[in-house]
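In what follows, a single structure is set out as structure tokens and then discussed.
Numbering (the working numbering), first residue to last: 134 to 417.
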């Protein structure tokens, strides 16, 4: 099934205005057949490259029967060429999704568990450690559990957040099924599909958000592209700065001042509420 023809898990948070990368309007435009810019970037490549490795880790360490043939026989609604289980609403196949995995869970019960794999940047991993899963991850697994439960009930999802800085030590967070949230997402998805069929843009009154939209020209498109590229560069530089700082702190060996021919570094340990190391570097 072509991606432009259905509402999937990555669209779920956009339906309630909780996805900073996607809006209700952009989902509506895709359903209307408008060509979407390709989703590219280092985070996409990293996720695609690591996902099969992380699934193998889950099989070896947590759930050996994830995505077993038995799970495919229960939940898969057809071969769409993705190589993943395809979930579909029994009455409207345009409500669909590809979870990263489903496993039997507790061997002593009939409760299956849905799995979703994420491999975000180190910065995002740290935010998850401090503040928990972002709402768009939660909406995504709620959508999958809702669709899966039309076939065989799933009341728990596990989100495996891979930490590339601590290999083989991912964060695994359980998300219980929220039946009301699933129903809400389905209702909004059906409203959006109907709006796309009628050619009527989604309104704030329909989707309960204050989202407004305009269609701008090439100059705005260029500005937005440059802004996004700058943000991507900023994230990459933050990661590189973090890596360099770790090396400097390690080699400083507990000293408060490090001098070289051209630079002076001052370090303050156990700084702030997170016991971080504060580092300043000035040229001499």
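Glycine included, every Cβ here is placed at the ideal spot set by N, Cα and C. The structure displayed is predicted, hence computed values, not measured ones.
Where does the unbroken beta strand (DSSP E) through residue 293 begin, and where does it stop? 287–294
Taking only three categories from DSSP, how would you classify residue 400? strand
Mind reading off the beta-carbon distance from residue 288 to residue 309? Whole number of angstroms is fine, and I expect it under 8 Å. 7 Å
Residue 249 and residue 226 closer than 8 Å at C-beta: no
Assign residue 373 to one of two classes, buried (16 or more other C-beta atoms within 10 Å of its C-beta) or exposed (fewer than that). exposed
Assign residue 308 to one of three DSSP states: helix, strand, or coil. strand
By the three-class DSSP mapping on this structure, what secondary structure does residue 117 have? Here the chain comprises residues numbered 134 to 417, so residue 117 is not present and cannot be evaluated.
I'd like the ranges of any beta strand (DSSP E) spanning at least 3 consecutive residues and lying wholly in the segment 173–251. 234–236 and 245–251
In this structure, does DSSP put residue 373 in helix, strand or coil? helix
Would you give the residue range spanned by the alpha helix (DSSP H) that residue 258 belongs to? 255–264
Contacts around residue 271, its chain only, beta-carbon distance under 7 Å, and the 5 residues preceding and following it disregarded: 308
Could you tell me how far apart the beta carbons of residue 273 and residue 142 are, in whole angstroms, since I believe they sit closer than 8 Å? 4 Å
Nearest neighbour of residue 252, chosen from 170, 279, 333 and 261 [CA to CA]: 261
Which value, in whole angstroms, describes the spacing of the CA atoms of residue 165 and residue 332? 7 Å
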